[in-house]
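Residue numbers (the UniProt record's numbering): 1 to 508.
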Amino acid sequence: MLVIFCVVALCSGLEQILNDQLNEFVTANKFSVIFYSLPWCIHCKELRPVIEELDAQNQNKRSENRTYALANIDCGASQCQITQFPQLLFYRNGVFFSSYDGLKKVASIQRWIHRNMEPVLSIVDEDDIEDFQNEYHTLMVFKFNSTKQIEKYSAFIENIVTRYFSESRRFMYFVKRGPSELAITAFTHSLFDENKLVKASFQTNTKSDELTFFIKEHIAYPYQKFTPEYQFLMKYFEKSVALIYSEDFNDGNLISQSLEKNWGNVFGGFVSLKDTITVNTTFGLNAQRLFPTKKHLRIITKAERITYDYFGKWTPKEMNKWIEDVIQSKVDPTIRSSVVPTQFNQNVTELTAETFDNFVSQDTNVVVLVHKGIHKNEQTYFKIFSSVANKLAKNPKIAFGHINVLLNDVLVKEPLFQLPTILVYPHIPTKYIEMPYAEYPDARQIYNFIRKNAEIGFDETDNLLFLDGTDYVSDDIAWTLEHYEQLFIKKRSQENASHNDINTKTEL
1 MLVIFCVVAL CSGLEQILND QLNEFVTANK FSVIFYSLPW CIHCKELRPV IEELDAQNQN
61 KRSENRTYAL ANIDCGASQC QITQFPQLLF YRNGVFFSSY DGLKKVASIQ RWIHRNMEPV
121 LSIVDEDDIE DFQNEYHTLM VFKFNSTKQI EKYSAFIENI VTRYFSESRR FMYFVKRGPS
181 ELAITAFTHS LFDENKLVKA SFQTNTKSDE LTFFIKEHIA YPYQKFTPEY QFLMKYFEKS
241 VALIYSEDFN DGNLISQSLE KNWGNVFGGF VSLKDTITVN TTFGLNAQRL FPTKKHLRII
301 TKAERITYDY FGKWTPKEMN KWIEDVIQSK VDPTIRSSVV PTQFNQNVTE LTAETFDNFV
361 SQDTNVVVLV HKGIHKNEQT YFKIFSSVAN KLAKNPKIAF GHINVLLNDV LVKEPLFQLP
421 TILVYPHIPT KYIEMPYAEY PDARQIYNFI RKNAEIGFDE TDNLLFLDGT DYVSDDIAWT
481 LEHYEQLFIK KRSQENASHN DINTKTEL
């Protein structure tokens, strides 16, 4: 008796691929659906007939009209990263887009697929907008007054929004006669209350930077977790950024009232003090250095380089009132900095976040004073540091700089021991060396620290510069070597006279 049998996967028309072939498959098709399964998974066996029926309906269409590609990956025969089965994933232009979690019915899956295949900018009936507000987390609706206006703006808008298009974020438009301006309305659900819908509107007559900024600044709820990528994007934000330094993401709810009211003008960022990735970013490190409390609220205005720090009660009422006062310029900034650095000393370069890395990477020894501002309690420290720079100004082997870490967020690999502090970056540096604690070190102590840790030694003539014992000099000009040579001769003469005096007394 001849027994004929076949493996289910081979008997069906469903295309089989290995996990190693996934990238090639999804990049070769504009829309792809991948069915991950295991031979012994009961739920996979229940879903398989539905997937095969779905595939049969798609295959019955002429090849040029097939709307998506469908394939199965048997994770029993191919190593997969999937841990739960079955899985039905949708890929759009080679990138994962959505996962299915609905009923095991062909109609339900088809609706999910067709929704994922919608154009980036899709047409909608004005009466249906309210329904879509609840279906998507963020919805942006464009109102055109004519087909001519669609032709004018559609390509420009699609170029901006394509990268943000997702299963939970959609962009739609409708046409309605009316004013000549393009009108945009953005809707988003609160991260802290899904039943709360936040709304913002904008109108324009031109394809301007203002239009670009509105779209980019309203693609999500105005509060998100801070990441290194977010730090990079912040330099492009036109408005203010309110940073919550905390261990709890939900602390952002305390300022949600102001963030929602001023959506597009103030962005909220959560800097996690528990997440090691975030902690090791610029803002995370500076938070640890500068703020003694476990929670802190700071507003940074990018355009004017002005920073506001909140030191009041950690309550919604107080915090939201403070943000409103900052926006209305009723609060004095903690830090105000001009765009052009103010050079305190011609021999000590004032550094910014933009110039710091290049400065410390010079092909020479670099010494940097790190401080929180040249205030009364730090003027003495700065004068002493400046005196060392003045005295060594003619030495080509060393460069001096200073940076205010309250004004400039500079990434350091390790937290500093104290502020102010002095860092030496040896010739071709791999790591800075921090000066041991000294409340107000004199010029000689600073010079000895530099000489000990610099990779290139100093000439004996440099040693002459620190024999007078003064802590600092008032002028910004390097004194001549002859001046110090005369001090050296005078000092040597005094020592010899003292020695001769002792010998005379001994003889007596």
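Beta carbons are placed, not taken as given, at the ideal position from N, Cα and C, and that holds for glycine.
Fair warning: this is a prediction, and the values are worked out from it, not measured in the lab.
Inter-residue CB distance, residue i and residue j (contact presumed, cutoff 8 Å)
i    : j    : result
N365 : P426 : 6 Å
N453 : I433 : 5 Å
I215 : N320 : The pair is not a contact, with the Cβ atoms about 26 Å apart (cut-off 8 Å).
G268 : P222 : 6 Å
V388 : Y440 : 13 Å between Cβ atoms; not a contact.
S99  : N116 : Their Cβ separation, rounded to whole angstroms, is 10 Å, which puts S99 and N116 out of contact at 8 Å.
M140 : A183 : Actually they do not touch by this definition, with Cβ atoms about 11 Å apart.
P316 : Q379 : Wrong, their Cβ atoms sit about 40 Å apart, outside the cutoff.
F132 : M172 : 7 Å
L121 : S154 : 6 Å
F25  : A71  : 6 Å
Residue i - partner residues in DSSP beta bridges
i    : result
H189 : L197
S122 : M172
N345 : V348
T301 : S240 and I306
R111 : DSSP lists no partner for R111.
V331 : None, per the DSSP bridge assignment.
N358 : Its beta-bridge partners do not exist; DSSP assigns none.
K225 : F270
Y432 : Y432 pairs with nothing; no bridge assigned.
F165 : DSSP, once it has assigned bridges, lists no residue as partnering F165.
E15  : A71
Q203 : A183
S386 : Answer is none; S386 lacks a bridge partner.
Y36  : I73 and Q87
Environment of residue i [buried if 16+ CB atoms lie within 10 Å]
i    : result
T83  : exposed
H189 : buried
E126 : exposed
V367 : buried
E118 : exposed
S474 : Caution is warranted here: a pLDDT of 38 is assigned to S474, below 50, making its placement in the model unreliable, and the coordinate value is therefore given only provisionally. S474 comes out exposed.
D55  : buried
E52  : buried
V33  : buried
A399 : buried
G312 : exposed
P49  : exposed
N205 : exposed
N250 : exposed
E135 : exposed
D20  : exposed
V95  : exposed
H114 : exposed
Q81  : exposed
G401 : buried
G102 : exposed
F142 : buried
E260 : buried
S386 : buried
Q87  : buried
G252 : buried
Unbroken beta strand (DSSP E) run spanning residue i, endpoints
i    : result
A77  : Segment: none, A77 is in no beta strand (DSSP E) and carries neither H nor E.
D309 : I306 to Y310
K143 : T138 to F144
H421 : Before going further, note that residue 421 is Thr rather than His in the sequence given. Start and end: T421 to Y425.
N404 : I398 to N404
K30  : Looking at the DSSP string, K30 is not in any beta strand (DSSP E), and its letter there is neither H nor E.
F97  : V95 to S99
L369 : N365 to H371
R92  : Q87 to R92
Range of the contiguous alpha helix (DSSP H) that encloses residue i
i           : result
L54         : I42 to N60
T212        : D209 to E217
Y447        : A443 to N453
residue 517 : Given that the chain is displayed from residue 1 to residue 508, the structure contains no residue 517 and the question cannot be resolved.
Q149        : T147 to V161
Entirely enclosed alpha helix (DSSP H) segments - the region 252-281, minimum 4 residues:
Listed in chain order, the complete alpha helix (DSSP H) runs (minimum 4 residues) inside the region 252-281 are 256-261 and 276-279.
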